[in-house]
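Residue numbers (this note's numbering), protein chains in the order written: chain A, 136 to 247; chain B, 6 to 251. A short write-up of the structure that comes next.
Pasting the structure below:
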């Protein structure tokens, strides 16, 4: 069921990215989209009543049932890249605010 | 216009859900979970079956980390992580380019209160040590270099909020970042020289679950933690500076 929820989160973010004019709201929508996609990839490796893929003194053997570790590690990569893109987007937002004094893209439409 | 957009997106969403529920494109229900290829990562049997892996006992595995996700990120697919670190470096370059590099530091509008000023300095050390713990134990527990580095950057943010200015200290962070990144590439070349493959694990894997285990993984995680920490601190510092108008 988690897959379907994360898909709707992805489309919610896409809707926000298309319709909003405020730069910070667009960045937030971008992050919501990204979280939806990450949840979707992680949920592909999820299985009911399986353990987190970490050996410990409580769950010591590889013969136990663990969830799929590969989607999780791919999502780890994708989260870090998301941090990078968000940082660049915020730098753009700061630049726009310093140059035009507003973050609303409709207000600076003619001046770009 | 917006209504049409909502309807279109909803239609795509319903189509996607229908597709997912009926056709099962990722074979989640038809393919047994135990037959997936990635189960080889869990039993450390990519290059041959070592039998059951037991925490605290198994030795001489192809990868001796207790945390399987970390094993994939830093050992099996270490080349991906090198690319990931490069992406983060390029984004830091982009932020530096957009915010005008080394301008003068913007003063925060509020003056930090007594409690914030001294509480920040008190909490700073604890957060820093927690970040270091996180990347030192990345091969044993959840966490690793990237969250550890982010926590270190958070400790720097706490200092900024407490009214501390960065000043000349950022140069040391730049040098640390460059050195850690170069050493990461160098550790890959060491693997190429001694074992014949780029990023190959050349150190002995040790006993699963011990602090000194998993060969080169803790070293790489320390390098990644230092690099990400100094990089994110640098990004924070760029946001605190403004362009010098000439």
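C-beta atoms are modelled at their ideal positions from N, C-alpha and C, and glycine is treated no differently.
Check the C-beta distance from residue 309/B over to residue 196/B and give it rounded, since I have them as a contact under 8 Å. With chain B covering 6 to 251 only, the question about residue 309/B has no answer from this structure.
With residue 72/B and residue 146/B assumed to form a contact (beta carbons below 8 Å), what rounded beta-carbon distance in angstroms separates them? 7 Å
Measure how close the beta-carbons of residue 136/B and residue 157/B come, nearest whole angstrom, since I'm counting them as under 8 Å. 4 Å
How would you list, in chain order, the residues of chain A whose beta-carbon sits under 8 Å from the beta-carbon of residue 17/B? 146
Contacts around residue 188/B, its chain only, beta-carbon distance under 8 Å, and the 5 residues preceding and following it disregarded: 228
Contact set for residue 64/B: own chain, Cβ-Cβ below 6 Å, skip 5 residues either direction: 212
On the DSSP bridge assignment, give the partners of residue 206/B in chain order. Paired residues: none, contrary to the question.
Taking residue 58/B as the query, report the chain A residues whose CB atoms sit under 8 Å from its CB, ordered along the chain. 190, 196, 197
Distance check for residue 179/B and residue 94/B, CA to CA, integer angstroms please. 11 Å
Any C-beta of chain A under 8 Å from that of residue 37/B: no
8 Å Cβ cutoff, residue 73/B in contact with chain A: yes
Pick from 12/B, 160/B, 115/B: whose alpha carbon is nearest that of residue 132/B? 160/B
Rounded C-alpha distance that separates residue 166/A from residue 56/B: 42 Å
Using the beta-carbon count (16 or more within 10 Å), is residue 80/B buried or exposed? buried
Rounded to the nearest angstrom, what separates residue 17/B and residue 26/B at their Cα positions? 14 Å
Less than 8 Å between the CB atoms is what I'm expecting for residue 178/A and residue 138/A, so what's the real figure, rounded? 5 Å
For a quick check, are the C-beta atoms of residue 100/B and residue 240/B less than 8 Å apart? yes
Would you check if the distance between the CB atom of residue 233/B and the CB atom of residue 150/B is smaller than 8 Å? yes
Residues that DSSP places opposite residue 201/A in a beta bridge: 186/A
Does the Cβ of residue 182/A have 16 or more other Cβ atoms within 10 Å, making it buried, or fewer, making it exposed? exposed
Quick one, which of 201/A, 141/A, 155/A has its alpha-carbon nearest residue 10/B's? 155/A
Classify residue 8/B as buried or exposed, calling it buried when 16 or more other Cβ atoms lie within 10 Å of its own Cβ. exposed
Three CB pairs or more closer than 8 Å across the segment 212 to 230 of chain A and the segment 146 to 162 of chain A: yes
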